[in-house]
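What follows is one structure encoded as structure tokens, with my remarks underneath.
In this note's numbering, the protein residues as written are 690 to 959.
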């Protein structure tokens with residue numbers, strides 16, 4: 690697990706609900722159980738500051754970092770998809786994006802994260818429009834046109850589009866692999882396990898699940914094959930992430946309290 694990716698997960702899953710800020714000492718403590726060394730944490734923090742994801746703060750317990758508004762929006766959107774707090778619906782129309790030139794790899798990854806699949810080098814499609822799509826394309830400086838489109842062939846035509854834009858067989862296999870890899874790890878955590886052990890395993894579980902944000906556009910059931918393994922995987926994730934949450938939260942609270950040296954945390958901009 691890369692330090693930068695782990696920091697995004699840490700802020701999104703644990704620190705965002707706690708005000709989106711933490712001292713450096715706490716960040717180091719919280720990533721240590723994952724095998725991430727302090728120098729890697731500090732390097733990743735510096736990179737995230739340069740990229741506009743974190744803002745430095747002076748806490749009473751020492752230097753710290755706060756999520757920027759851009760980061761908070763991105764993490765809130767990701768959290769809604771990770772925990773599926775929004776209803777997945779479809780009105781039968783695709784958001785169709787036609788570009789004047791192919792996107793670079795970095796911009797292509799952004800569109801994939803937003804739930805778009807590629808029909809061709811210059812044509813992308815999604816079952817619903819993403820709020821960030823225009824901002825991403827404007828930043829890429831590639832002229833484009835967008836259309837709201839329904840398929841003339843109805844459901845079968847729409848399913849054919851989905852089959853061209855996404856490799857559903859590969860996504861299904863990834864869901865089955867996710868369960869196979871995680872089952873023995875999460876079930877090894879019992880009431881006799883320490884809070885730190887539960888935290889580390891839950892962190893790895895959520896990190897692995899978040900990878901589907903770049904694979905699965907969360908298509909509506911009407912566009913998916915029957916007995917879709919993503920449903921089984923989602924139930925597995927929900928059950929174990931919820932079961933391990935109380936112990937993980939206790940470990941986070943202890944790390945934050947320890948880093949704050951038991952004092953009241955305040956902050957001011959440096």
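The beta-carbon is built from N, C-alpha and C at its ideal position, and this holds for glycine as well.
Using three-state DSSP, classify residue i as helix, strand or coil.
{"i": "residue 696", "result": "helix"}
{"i": "residue 644", "result": "Limits of the chain in this structure are 690 at one end and 959 at the other, which puts residue 644 out of reach."}
{"i": "residue 715", "result": "helix"}
{"i": "residue 746", "result": "strand"}
{"i": "residue 881", "result": "coil"}
{"i": "residue 916", "result": "coil"}
Report the option in the options whose CA atom is closest to the CA atom of residue i.
{"i": "residue 793", "options": "829, 804 and 786", "result": "829"}
{"i": "residue 818", "options": "853, 806 and 929", "result": "806"}
{"i": "residue 844", "options": "809, 816 and 873", "result": "816"}
{"i": "residue 930", "options": "894, 711 and 696", "result": "894"}
{"i": "residue 746", "options": "935, 709 and 802", "result": "709"}
{"i": "residue 780", "options": "837, 802 and 748", "result": "837"}
{"i": "residue 744", "options": "751, 750, 757 and 752", "result": "757"}
{"i": "residue 824", "options": "803, 854, 749 and 809", "result": "803"}
{"i": "residue 852", "options": "693, 809, 728 and 730", "result": "809"}
Between residue i and residue j, what straight-line distance do the alpha-carbon atoms span, to the nearest angstrom?
{"i": "residue 762", "j": "residue 754", "result": "16 Å"}
{"i": "residue 848", "j": "residue 820", "result": "24 Å"}
{"i": "residue 965", "j": "residue 765", "result": "The displayed coordinates of the chain run from 690 to 959. Any statement about residue 965 would go beyond what the structure contains."}
{"i": "residue 882", "j": "residue 796", "result": "42 Å"}
{"i": "residue 941", "j": "residue 867", "result": "25 Å"}
{"i": "residue 884", "j": "residue 939", "result": "7 Å"}
{"i": "residue 850", "j": "residue 699", "result": "36 Å"}
{"i": "residue 732", "j": "residue 703", "result": "21 Å"}
{"i": "residue 719", "j": "residue 936", "result": "14 Å"}
{"i": "residue 711", "j": "residue 737", "result": "14 Å"}
Within 10 angstroms of the Cβ of residue i, are there 16 or more other Cβ atoms? Answer buried if so, exposed if not.
{"i": "residue 949", "result": "buried"}
{"i": "residue 691", "result": "exposed"}
{"i": "residue 799", "result": "buried"}
{"i": "residue 706", "result": "exposed"}
{"i": "residue 832", "result": "exposed"}
{"i": "residue 955", "result": "No answer about residue 955 holds up, because its pLDDT of 39 lies below 50 and its placement is not dependable."}
{"i": "residue 724", "result": "exposed"}
*Contained alpha helix (DSSP H) runs [length at least 4] in the segment 801-835, N- to C-terminal order*: Qualifying alpha helix (DSSP H) stretches, in chain order: 822-829.
*Could I get the ranges of all uninterrupted alpha helix (DSSP H) runs contained in the segment 748-799, with 4 residues as the minimum, in chain order?*
758-771
*What are the complete alpha helix (DSSP H) segments, minimum 4 residues, inside the segment 838-862?*
Runs of the alpha helix (DSSP H) inside the segment 838-862: 843-854.
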